[in-house]
Amino acid sequence: MVACDQRLRKSQIANRKSQITNRKSQITNRKSQITNHKPQTTNHKSQITQ
């Protein structure tokens, strides 16, 4: 029973770690999307002024 519990705990920890890394990658993706969006808005502003 104890070995089975340890195995379960290890898999739970691994799942938690993968969830954290997924969240981090989502945050970096969102940041890159924002930086990609900024030049588009500046281009739009310059078009309006012209």
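Each step along the sequence shown adds one to the number in the numbering used here, with nothing skipped, and position 44 is 26.
Beta carbons are placed, not taken as given, at the ideal position from N, Cα and C, and that holds for glycine.
Keep in mind the model is a prediction, meaning the values are calculated, not measured.
Alpha-carbon spacing of residue i relative to residue j, whole angstroms
| i | j | result |
| --- | --- | --- |
| Lys27 | Ala(-4) | 47 angstroms |
| Ile16 | Arg(-9) | 38 angstroms |
| Val(-16) | Lys20 | 54 angstroms |
| Thr31 | Ser7 | 37 angstroms |
| Asp(-13) | Thr10 | 35 angstroms |
| Thr23 | Gln29 | 10 angstroms |
| Asn18 | Ser0 | 27 angstroms |
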